[in-house]
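Just so you know, we're using this note's numbering here: the sequence shown kicks off at 717 and counts up by one.
Take a look at the structure below.
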Amino acid sequence: MTATAHPNVVNSVGLAEFLATAGTLTLAQRKLIVDQALVLLEQNYAHLPLKVAMHAVNPVQRLRVLRARLERQTDATAEPEWQFHRELSSTFHSVRDLHTNYLLPAPFAGKIAFLPFQLERCFAADGTEHYLVARTVANFDGLAVGAEVTHWNGTPIARAVALNGAIFAGSNTAANLARGLESLTLRPLVIQLPPDEDWVVVSYRTENGAQEEIRVDWQVTDNLPPMTDVDSLSPAAAAQGVDLDSDEKSRAKKLLHAPKVVQAEAAGGAVAMAAQDVPTTMPGVFRARPVTTPSGEFGHLRIFTFSVDDPEAFLAEFVRLAALLPQNGLVVDVRDNGGGHIFASEFLLQTMTPRRIDPEPVQFLSTPLNLRICRRHADDPTGQIDLGPWFPSLDSSTETGQAFSCAHTITPVDGANAVGQTYHGPVLLITDARCYSATDIFAAGWADHELGPILGVDDNTGAGGANVWTHGLLTTLLKIPAPLDPDSPYKPLPNKANMRVSIRRTLRVGKLAGTPVEDLGVRPTHQHQVTRADLLQGNVDLLARAGSLLAALPVRRLGVAVAGTTVSLDTVNLDRVDIYVDGRPATSLDVTDGAHTATLTATGREVRVEGFADGQLVAARKVAS
C-alpha cells in the first residue's frame, strides 16, 4: 500500500494490535447496556410481533437470560468482553432486521476491519457460480482483479459465503448471501464483530488457470464519517431509513477503492470521475453517464446512497443530471444502496411518472412508551418532528386493542409531488439484494406507481421496511422540549455504545396497499445473472439487458413553454393534451408528433400539461408562468 491510497488505509494496523486496546466495559456497564436493549426491543420495536412469528425467535427472553447471567458474575469473574459483545450482537442479529442493531462501544465504533480486496459473485453460461476478485486497494499485488477464489481458509468459497451469511443475517436468502459475501472482506466494527482470525488463507485460480494460495492479514482503520448526525433531533435524523451496515460499507468502499471520490467530495464543485461521466456536485451520491448498448444509447444514473441532509438539493441534482442524459431511456441503478433519508428516496419518484405520488405510510407499535413519545411531540413543539398524526390512535389503543397506530406518511405529500415529471422517456430500475431501507421504499414506490420495469440481479431486494431511530435520538425526544421527562427509561450508554431500532414500519401503497415491506421486499419484473464480463468490463451484459428492455418501450416527449397566455408544446407519441392553470381545467387539444400552440383565457402561477395516449395518462409537466 502506497501514498496513492487514502491516508486511513496507509495508516491501518493489524487486527491483533487493534484488539489489544479493547476490553474496558465494567460489569455494571454491561448490565446497563442489556437493560437499555430490553427497553428498545420490548417497548419501541415495531417489527417484534412479525419477527417472533416469522423467524421463531425470542430476543427479549434472550436478553433476560443474559441479564440474569450477568447478575451471577462479578468484575473478577466476568466473562471476556468479546463474549458479551458476541451474545448481544447475536441476539440483535437473530431478528434479521438490519435496522435494529447493537452498536459496539469504543474502540470499535468508527472503525473498519478489511482485507485489501473485494469479491463479487458471477455466473457462467451454464449457471455455475464463481467468485472473482472485483477490485483491490491501491498497489496491493497479492491478488489480481479477475482471479477466481475457490477456497476460504480451506472451506469451499460458496459454503464459506453461506456460513458467513448465516451470522450476519439479512431478511431473506438473497440478502443473507449478499451480506455473507461482503463481510468476508469488509466489516464495520461498530455493527459487526471483529473477525475471529488474524489472517485468512485464500486459494484462487489465476486468469491463466494456475492454482495459487496466499495469506492475507486483516487490517483495521478509521472509516469515513457518516453524512448525518442521527442522534441529534433533526428532520434528517427522524426520517432515517438506512441499513447502517451497508452505509458504513459504502463509505468504506470509497475509502478503500475510490479515494479519488473522497478527494472530489472534499474539494467540492462539480466533477466527473470518468471521461464519459456528466460532472456532478455529489460524486459520492451519483454517477451519471450515457451508455452505448446493442439496443442503442441510453442514460445510466447510479445512486450510491440516499444518505443526505438536504433532500431538495438531492432532488435538484438528480433532475439536472437526468436532463443531460439521453432522453430516449434512463437506467436508474440503485444496487448496493443501503438507504438514507426517506424524503430523498420518495421525492425522486415524481420525476419519472405523470401520476400523483402516494408516499408509503408508517405505523408505530402500540406501546405505552411510544404513546409517551408521541404525546410529548404531538404538537411539534421543537419544529423538528411532528408526531401528531400518530398520537390519537396510540392514545385510544388501550380501549381499541389495536396492535399498531394508524398509518401516516413520513415524507410530505406536497414535497413528493412538488416538481412533477421531468423525464419523459422510458425508465428502468436495477436492484439487488443489498438494496435496503429507504432504497426498499424507493423500489416499492417504483413498483406501486408502475414507473417501469425492475431488473434485478438477485431475486429480491433486501426487504427492510422501516424508519429507524437511535437510542440517542429516543433519549433526546424525552429531554426536549424542557423540562425533561424525569422518569425517562433511556439512560446514557457507556463508551460511545449505541443501539438502533425499527421505530415505524412501512406499508405498501397501490395494488399491494397495507402489505409490509419488511421481510418481503420488492421482487423484480425481470432478472439478470451477473456475468464475468459484468464484473470486469463495467456491467456490459447487465446494461445490454437493460437497454433491450428500454428499447421495447415507447419514447415520449412533452416540451412545454409558457409566454403570457400562449402555451407552446412539443410532443412525441401523444394524441391528446389537457392544460390546467393553477389546478383548474383550461383547455384540451388533440395532438400529433411535433409543435403545437394553445391559447389560454386566463393566466396563473403554474401551468400543468397532461399528455395522453389511447386514453391513458402517460406524460405530464409543470411550468411556472
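Idealized CB from N, CA, C, for every residue including glycine.
Separation of residue j from residue i, as counted between CA atoms
| i | j | result |
| --- | --- | --- |
| HIS763 | PHE1030 | 30 Å |
| GLU803 | GLY1275 | 60 Å |
| ARG1051 | GLN1066 | 20 Å |
| LEU1194 | ASP1102 | 14 Å |
| THR1155 | LEU1223 | 14 Å |
| THR1125 | GLY1180 | 17 Å |
| LEU819 | VAL906 | 5 Å |
| ARG780 | ASN774 | 10 Å |
| LEU1094 | ILE1058 | Correcting the residue type first, residue 1094 is Ala in the shown sequence and not Leu. The alpha-carbon atoms of ALA1094 and ILE1058 are separated by roughly 21 Å. |
| GLY826 | PRO832 | 18 Å |
| ASN869 | SER919 | 8 Å |
| THR1313 | SER1341 | 15 Å |
| ALA876 | PHE884 | 13 Å |
| GLN935 | PHE830 | 5 Å |
| ASN1176 | GLN745 | 40 Å |
| ALA1229 | HIS1165 | 11 Å |
| GLN752 | LEU814 | 18 Å |
| ALA1302 | LEU1316 | 7 Å |
| ARG931 | GLN1245 | 30 Å |
| ASP1330 | GLY1045 | 21 Å |
DSSP state of residue i mapped onto helix, strand, coil
| i | result |
| --- | --- |
| ALA719 | With a pLDDT of 45 at ALA719, under the threshold of 50, the modelled position of this residue cannot be trusted; read the value that follows with caution. Note: ALA719 maps to coil in three-state DSSP. |
| ILE1170 | strand |
| PHE1002 | strand |
| GLU1322 | strand |
| THR737 | coil |
| SER966 | helix |
| LEU909 | coil |
| CYS1151 | coil |
| PRO904 | strand |
| LYS1338 | strand |
| SER1114 | The amino acid occupying residue 1114 in the given sequence is Thr; Ser does not appear at that position. Of the three classes helix, strand and coil, the one that applies to THR1114 here is helix, per DSSP. |
| ILE1219 | strand |
| TRP934 | coil |
| LEU1017 | strand |
| THR866 | strand |
| LEU848 | strand |
| ALA1160 | helix |
| PRO1208 | coil |
| ALA874 | helix |
| LEU1103 | coil |
| ASN892 | helix |
C-beta atoms of residue i and residue j nearer than 7 Å
| i | j | result |
| --- | --- | --- |
| HIS722 | LEU971 | yes |
| HIS1016 | ALA1335 | no |
| SER1023 | ARG1150 | no |
| ILE1157 | SER1061 | yes |
| GLY1147 | ALA1134 | With the sequence shown as reference, residue 1147 is identified as Thr, and Gly is not the correct amino acid for it. Cβ distance not < 7 Å, so THR1147 and ALA1134 don't count as in contact. |
| ALA1132 | PRO1075 | yes |
| CYS838 | ARG1261 | no |
| ASP1294 | GLU1326 | yes |
| VAL1283 | ASP1309 | no |
| VAL1007 | LEU1259 | yes |
| LEU757 | GLU797 | no |
| THR1281 | THR1241 | no |
| VAL958 | GLY1056 | yes |
| LEU1251 | LEU848 | yes |
| PHE1014 | LEU1266 | yes |
| PRO1142 | GLY1161 | no |
| ALA822 | LYS1227 | no |
Limits of the unbroken alpha helix (DSSP H) element including residue i
| i | result |
| --- | --- |
| THR1192 | 1187-1193 |
| PHE1120 | No alpha helix (DSSP H) contains PHE1120, which DSSP labels as neither H nor E. |
| GLN979 | 975-983 |
| GLN759 | 743-759 |
| ARG1248 | 1248-1252 |
| PRO951 | 951-954 |
| VAL1129 | 1129-1132 |
| ILE1126 | From DSSP, ILE1126 is part of no alpha helix (DSSP H); its letter is neither H nor E. |
| LYS1314 | Contrary to the premise, residue 1314 reads as Ala rather than Lys in this sequence. Unbroken run through ALA1314 is the beta strand (DSSP E), 1310-1315; no alpha helix (DSSP H). |
| PRO1084 | 1084-1092 |
Residue interval of the beta strand (DSSP E) (run including residue i)
| i | result |
| --- | --- |
| THR1303 | 1300-1306 |
| VAL918 | 915-921 |
| ILE1295 | 1292-1297 |
Which ranges would you report for the beta strand (DSSP E) in the stretch 1258-1283 if only whole runs of at least 3 residues count? Within the stretch 1258-1283, the complete beta strand (DSSP E) runs of at least 3 residues are 1273-1279.
What are the start and end residues of each continuous alpha helix (DSSP H) run of 4 or more residues lying completely inside the stretch 1036-1072, in chain order? Runs of the alpha helix (DSSP H) inside the stretch 1036-1072: 1058-1063.
Entirely within the stretch 765-836 and at least 3 residues each: give me those beta strand (DSSP E) ranges in chain order. You should have 817-819, 827-830.
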